[in-house]
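In our numbering, the protein residues as written are 1027 to 1402. The beta-carbon is built from N, C-alpha and C at its ideal position, and this holds for glycine as well. Please read the structure below before turning to the comments.
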Amino acid sequence: MREALLLARRGLGKTSPKPLVGALVVKEGKILGKGYHRRYGAAHAEIIALRNAKGKTRGTTLYVTLEPCCHFGWTPPCVNAIIEAGVSEVVIGTLDPNPRVNGKGIQFLRDHGINVTVGVLEERCRDLNEAYFKHIQTGMPFVTLKFAQSLNGRIATKTGRSQWISSPETLRLAHKLRSTHDAVLVGIGTTLADDPSLTVRFVKGQNPQRIIVDSRLRIPLGAQILSDDGVDRTIIVATKGVNRKKALRIQHLGAEILWAEKNRRGGVDLRDLLEKLGHMGITSVLVEGGSQIITSFLKERLADKIVIVMAPKLIGKGIEALGDMEILNLKEALRISRMKTKRIGDDIVIEGYLQRGREVRGWRRKAKFQMTKGKG
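Have a look at this one:
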């Protein structure tokens, strides 16, 4: 299963909104075939692994990170191919939360005499597809907040200069994160200050969709994201009541205007925005800043994961990474769980998941189907 997980990761950034999946065909301890989901619309991991076994599949064990599908989509059901190949046992990492699958694939295999084991390295298999799981179960994308700061918590000097707080090594990490998310999001403040391109440059990978939260449509028409080759993958999020002529000019340039509801302060309602992005098929969003937008996501408990790059620098006065979250009691402080730290270049990277209240934590629940081993 560890090998299958490594295979599945090769599809990072290419399969959305479908999941990452890896599969192995094994007999008597020998791997006969390998496969992974390479890109959206391509053959599934199980099918590729069975093909690569070159007809030697009868009596084998199939290891797969996610429950095989049992319905027609872009491709025929994988369970049919598994049965036809004569596989005698299937070992599954985790169930597929998709209501069209969720336990039905396992039951179909068992009904046809195949021994099925479920829940091997389950947490790792779920983490691999955390964006897919959340999108399926809530309709909203998985949100990762990422920012680089000095040791005293500043993301820029008091004059607004922020390039580059972090080292070249962690800059590559930032671009790797972009390449593995469906979209990268910043606020209009960052756009006006830095005129970012929000593309993938220092690593190999696909450019994400670019989202600018700009409630009053202040973005300059000459901004990079409205004039480069990726303008057709750019979304400007505005609220009703802005300059319609400017909106039409932005659309004429090739970008999309996404109209979001207003929050009580007159800005973009972020929950409404995430619901709309999820409806568009965007399963993961990387929020890169600035301070106001990061603070808003945290304050409204809309972030799932956080990545903080801490550079060994002291700036003194400057722009704080986080603004006022109106937390007056330490019991109300947001806590980070499953936290990991590592050193990259001269920087320290902190990564973890934001603990949530009951009302928004539900999507992390296990699939409803009973986790059992064997045929029963």
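In the structure shown, residue 1037 falls within a helical segment according to DSSP collapsed to helix, strand and coil. DSSP places residue 1158 within a helical segment (H, G or I) once states are collapsed to three. Residue 1275 is positioned such that its CB atom lies no closer than 8 Å to that of residue 1251. At a Cβ-Cβ threshold of 8 Å, residue 1096 and residue 1070 do not count as neighbours. Annotated three-state conformation of residue 1133 is helix, per DSSP. Counting only runs of 3 or more residues that sit fully inside the stretch 1066 to 1120, the beta strand (DSSP E) segments are 1087 to 1092, 1115 to 1120, in chain order. In the three-state DSSP reduction, residue 1369 falls in the strand class (E or B). In the DSSP assignment, residue 1204 falls within the unbroken alpha helix (DSSP H) covering 1194 to 1205. The way I'd put it, the stretch 1160 to 1180 does touch the stretch 1322 to 1330; three or more beta-carbon pairs between them come closer than 8 Å.
Under the 8 Å Cβ criterion, the stretch 1342 to 1360 does not count as touching the stretch 1191 to 1210, having fewer than three qualifying pairs. For residue 1331, the uninterrupted beta strand (DSSP E) segment begins and ends at 1331 to 1337. Inter-residue distance for residue 1320 and residue 1346 is about 11 Å (C-alpha atoms, whole angstroms). One thing to note: residue 1212 has its Cβ within 8 Å of the Cβ of residue 1316. Counting C-beta pairs closer than 8 Å gives fewer than three between the stretch 1046 to 1053 and the stretch 1303 to 1318, which falls short of the contact rule. A direct Cα-to-Cα measurement between residue 1227 and residue 1209 gives close to 15 Å. DSSP places residue 1320 in the uninterrupted alpha helix (DSSP H) bounded by 1317 to 1325. Just measuring C-alpha positions, the residue of 1300, 1094, 1376, 1365 sitting nearest residue 1335 is 1376. Going by DSSP, residue 1301 is part of the alpha helix (DSSP H) stretching over 1296 to 1305. Around the CB of residue 1353, fewer than 16 other CB atoms lie within 10 Å, so the residue is classed as exposed. Residue nearest to residue 1101 within the set 1042, 1301, 1068, 1367 is 1068 (criterion: CA-CA distance).
The distance from the Cβ of residue 1074 to that of residue 1176 is about 47 Å, inconsistent with a contact at the 8 Å cut-off. In this structure residue 1191 touches residue 1339 by the C-beta definition: roughly 7 Å separates them, less than 8 Å. Note on geometry: alpha-carbon atoms of residue 1129 and residue 1307 lie some 24 Å from one another.
By the neighbour-count criterion, in which 16 or more other beta carbons inside 10 Å mark a residue as buried, residue 1221 falls on the exposed side.
Spatial neighbours of residue 1078 in its own chain (CB-CB distance under 7 Å, excluding positions within 5 residues in sequence) are listed in chain order as 1059, 1060, 1061.
For residue 1215, the CB contacts under 7 Å within the same chain, skipping 5 residues up- and downstream, are 1316, 1318 in chain order.
Between the alpha carbons of residue 1165 and residue 1204 lies a gap of roughly 21 Å.
The residues 1280, in chain order, have a CB closer than 6 Å to that of residue 1258 in the same chain once the five nearest residues on each side in sequence are set aside. For residue 1214, the enclosing alpha helix (DSSP H) has its first and last residue at 1214 to 1220. By the Cβ-count criterion, residue 1158 is buried, with 16 or more other Cβ atoms from all chains shown falling within 10 Å of its own Cβ. According to DSSP, residue 1168 shares a beta bridge with 1310.
If you look at residue 1050, you'll find it in the beta strand (DSSP E) that goes 1048 to 1053. DSSP places residue 1251 in the helix class (H, G or I) of the three-state scheme.
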